[in-house]
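Notes follow once the structure below has been shown.
Number of protein chains: 2
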Amino acid sequence: MDKQLPNGIALSWGLGKPSSRGPKREMSLKQIVDTAVSIADKDGLAAVSMNRVAKSLGFTAMSLYRYIPSKDDLIILMQDAISDLSIPLEKAEHGWREAMEAFVQATIDVYKEHPWFLETPIYGVPMTPNALKVVDWALGGLQHVPLEDSEKMAVILLLSSYARACGILQKDMARAMQLGSPPDAFSGKGYADTLASLVTPERFPYLHSVVASGAYTDENQSSEDAGDDIEFGLKRILDGIEQYLKKKKEQT
Amino acid sequence: MDKQLPNGIALSWGLGKPSSRGPKREMSLKQIVDTAVSIADKDGLAAVSMNRVAKSLGFTAMSLYRYIPSKDDLIILMQDAISDLSIPLEKAEHGWREAMEAFVQATIDVYKEHPWFLETPIYGVPMTPNALKVVDWALGGLQHVPLEDSEKMAVILLLSSYARACGILQKDMARAMQLGSPPDAFSGKGYADTLASLVTPERFPYLHSVVASGAYTDENQSSEDAGDDIEFGLKRILDGIEQYLKKKKEQT
DNA sequence: CCCTTCTGTGTATGATATAAACGGTTTATT
DNA sequence: AATAAACCGTTTATATCATACACAGAAGGG
């Protein structure tokens, strides 16, 4: 009887007794989760408290517990909610590369719209319906690719992590651009300059030049450039997969 | 004057006035951070409270604030602390592929030793000394690879993110193995069976067979197999980069 | 020698998640 | 139709936090 799997997962699947007795419910799970998501979108994940969510809906904090067993479960539901992409059902007219590119882009878009997704402390292999629907979509894009199931899953894992990396980068760049270069707390110089002065060539022989050139702090990059970076890594990954397919074909 | 960069970063660099006047300090930053890390290692990140850390050291919670401005900063310092890998300084005797593999493996090992690292909110691209030292190490492994600096950074970010995804997978599998297949809360069946019954072929045409086969819940996989999965994705990435290098070489 | 500065410590405060008990409401059962 | 059970949203209470503030003592500088 240890702490086991969060039953927010069960909730996300709509499992629960249909409770016929008692008064009519005045809220819905969806309503609660959507409210929580919009709060997180606006003010960050830390702003999501039971109180705030409930008050936004005109109820008391405790009322939420009639719908959700705990806040952790709410967060799981939030994650699932934003994974509800409107999946285009182009019937694999295009190749698998295009499909994977679309998958990655869609995932990155989620991070862009909901930056708090990067901060959620509840993580793990996807287990909720919308998240799994995305996996299913990606698998569909690979349906005619001669890979083992486990290999396909590995590819999806790889691409997901790539999208996440892009999300982090994007968020940092957005923040850097928003802040501009304000004088820093512990020196008169801007943040980038401060970092550059700390990353000395003795201590960081390889990193030093990168930071000094400003490439690390992304000062001169725009969002458009970030897009280019996304392209670069993605193309490398897909090339790698393609090469593997070729090699595999030769062996047979 | 918005909320700006956490100055826990400044602390991690050892920046601060050397205070000569008052009484001698009875603790040190390192002591505090190490204690916090060991608590997180043992009981998870949620167990790390100012009170608990201070009490472990025989002091009161408030005393910590003489060393650390806020708990968020403490977490940043914790992240930096566990990034203090003892970096092998093999002078690039091996190729860049081996170097990148070592980098990924080392990162994964950190996740294995400190699972709470996965739960810490990502504040963004690394900015603290030990974390940057790791980046420097990775850059060193790429020193003779003809890529642009920005491309190298993109590769490193990607591999970091991939390592994180592997860390998540590893942890989930470890938990799944530890739990075995306990009867679930909302059905008599085990968790894997429950999931399999939810992932119907109608709703998840492509994923269904994967889940049904048990490949998704990783029931029969050992940690060794997980290593294979890691290998697969990693090799694809590296293959893709290698191909890019080849193409680039031909063009010149 | 005093005064400034810093130390660790109590005390206090405001958030927070969530448990427990309550009055009112709806429906199933008798 | 009457009763009882189940359930809803609320009120109240508690425990845990992070952290602001003010204090008493310690150490060094003038």
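Residue numbers (the UniProt record's numbering), protein chains in the order written: chain A, 1 to 252; chain B, 1 to 252. The beta carbon of each residue, even a glycine, is placed where N, CA and C say it ideally should be.
Cross-chain neighbours of residue i in chain B, by beta carbon under 9 Å
i                 : result
MET153 of chain A : VAL210, ALA215, TYR216 and ASP229
Chain B contact residues for residue i, given Cβ-Cβ distances below 8 Å
i                 : result
ARG164 of chain A : SER161, ARG164 and ALA165
LYS171 of chain A : GLY124
Chain B contact for residue i (CB, 8 Å cutoff)
i                 : result
ARG97 of chain A  : no
MET127 of chain A : yes
TYR123 of chain A : yes
GLU26 of chain A  : no
GLU119 of chain A : yes
LYS3 of chain A   : Any reading at LYS3 of chain A is ruled out, since the residue's pLDDT is 36, under 50, leaving its predicted position unreliable.
ILE168 of chain A : yes
ARG236 of chain A : yes
Chain A contact for residue i (CB, 8 Å cutoff)
i                 : result
ASP149 of chain B : yes
ASP136 of chain B : yes
ASP193 of chain B : no
PRO18 of chain B  : no
LEU245 of chain B : no
ASP239 of chain B : yes
GLY8 of chain B   : no
LYS248 of chain B : no
SER12 of chain B  : no
Check whether residue i and residue j have beta carbons under 8 Å apart
i                      : j                 : result
GLU119 of chain A      : LEU238 of chain A : no
THR35 of chain B       : SER56 of chain B  : yes
PHE204 of chain A      : ASP72 of chain B  : no
GLN79 of chain A       : PHE117 of chain A : yes
GLN243 of chain B      : GLN243 of chain A : yes
residue 256 of chain B : ILE241 of chain A : The displayed coordinates of chain B run from 1 to 252. Any statement about residue 256 of chain B would go beyond what the structure contains.
LEU159 of chain A      : MET100 of chain A : yes
LEU77 of chain B       : GLY8 of chain B   : yes
ALA40 of chain A       : HIS114 of chain A : yes
PRO121 of chain B      : PRO126 of chain A : no
Beta-carbon neighbours of residue i, restricted to chain A and to distances below 7 Å
i                 : result
VAL199 of chain B : LEU132
Expected contact under 8 Å - CB spacing of residue i and residue j to nearest Å
i                      : j                 : result
ASP149 of chain B      : VAL134 of chain A : Not quite, the Cβ-Cβ distance comes to about 33 Å (not below 8 Å), so this is no contact.
GLY155 of chain A      : LEU142 of chain A : Just to set this straight, residue 155 of chain A is Val in the shown sequence, not Gly. With 8 Å as the limit, VAL155 of chain A and LEU142 of chain A qualify as a contact, their Cβ atoms being about 7 Å apart.
SER161 of chain B      : ALA131 of chain A : No, SER161 of chain B and ALA131 of chain A are not in contact; Cβ-Cβ is about 18 Å, not under 8 Å.
ILE32 of chain B       : ILE82 of chain B  : In fact, because the Cβ distance is near 14 Å, the residues do not count as touching under 8 Å.
residue 256 of chain B : ASP172 of chain A : Chain B is shown from 1 up to 252; residue 256 of chain B falls before or after that span and cannot be answered.
ALA212 of chain B      : ALA196 of chain B : 5 Å
SER12 of chain B       : THR128 of chain B : 4 Å
GLY233 of chain B      : LEU157 of chain A : 6 Å
ALA54 of chain A       : LEU85 of chain A  : No, ALA54 of chain A and LEU85 of chain A are not in contact; Cβ-Cβ is about 28 Å, not under 8 Å.
VAL145 of chain B      : TRP96 of chain B  : 5 Å
GLY22 of chain A       : TYR111 of chain A : Contact flag wrong, Cβ pair sits at about 40 Å.
Where residue i meets chain A, residues with beta-carbon distance less than 9 Å
i                 : result
GLN105 of chain B : In chain order: nothing, as chain A lies at least about 16 Å away.
PHE232 of chain B : SER150, GLU151, ALA154, VAL155, LEU158 and TYR244
Per-residue contacts from residue i into chain B (C-beta, under 7 Å)
i                 : result
TYR206 of chain A : ASP136, LEU139, GLY140 and GLN143
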